Structures are given as structure tokens and as C-alpha cells.
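All remarks here apply to the structure that follows.
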Amino acid sequence: MAHIKVAIVNEDGGTTLLGEELNRGNEVVEALRHINKLGLLFKEPLEGLNHR
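Mapping the sequence shown onto the numbering used here, position 46 (from 1) lands on 46, and the numbers just tick up by one.
Right, dumping it as C-alpha cells:
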């Protein structure tokens with residue numbers, strides 16, 4: 001898997017539920033950043049589309 005590149009792009013805008021702001025996309029990305037052993041690339045949405 002060392003030659004496979006995977007880009008992580010979060011387009012989750014979040015929401016408000018019962019007065020609490022939630023953004024599960026950000027939570028997942030942060031968790032992946034902390035356990036990143038696969039060499040994942042974290043990109044902004046447009047950057048992720050153009051990255052090869």
C-alpha cells in the first residue's frame with residue numbers, strides 16, 4: 001500500500017441539532033489525522049479534485 005495515495009476531503013458543512021452544533025466530518029478527519037499510519041493526504045475540496 002506504500003504506493004497508493006489516498007486523499008481525504010471533508011465537505012461536511014455541519015448542522016445544528018437541538019441547539020448543538022455538530023460536524024461529524026470534522027470529527028472523522030481529526031480522528032484520521034491522529035491515527036494516520038497509511039500516509040493519507042488531507043486536502044481542501046478543490047485541491048483534492050485536482051491532486052493526482
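Idealized CB from N, CA, C, for every residue including glycine. Since we're looking at a predicted model, the values are computed, not measured.
For Phe-42, which residues from the same chain have a beta carbon less than 6 Å from its beta carbon, with the 5 sequence-adjacent residues on both sides left out?
-> By the criterion of a C-beta distance shorter than 6 Å, Phe-42 is surrounded in its chain by Ile-8, once the five residues flanking it on both sides are discounted.
Name, in chain order, the residues that DSSP records as bridge partners for Val-7.
-> The residue you asked about is not Val; residue 7 is Ala in the sequence shown. Beta-bridge pairing links Ala-7 to Leu-41.
Skipping 5 residues on each side, what residues in its chain have a beta carbon closer than 8 Å to that of Val-29?
-> Residues of the same chain with a CB within less than 8 Å of the CB of Val-29, apart from the 5 flanking positions on each side, are Ile-8, Asn-10, Phe-42 in chain order.
Whole-angstrom distance between Leu-40 and Thr-16, CA atom to CA atom | Rounded to the nearest whole angstrom, the CA to CA distance from Thr-16 to Leu-40 is 29 Å.
Counting along the chain, where does the beta strand (DSSP E) carrying Leu-32 start and finish?
-> No beta strand (DSSP E) holds Leu-32; the alpha helix (DSSP H) holding it covers 24-34.
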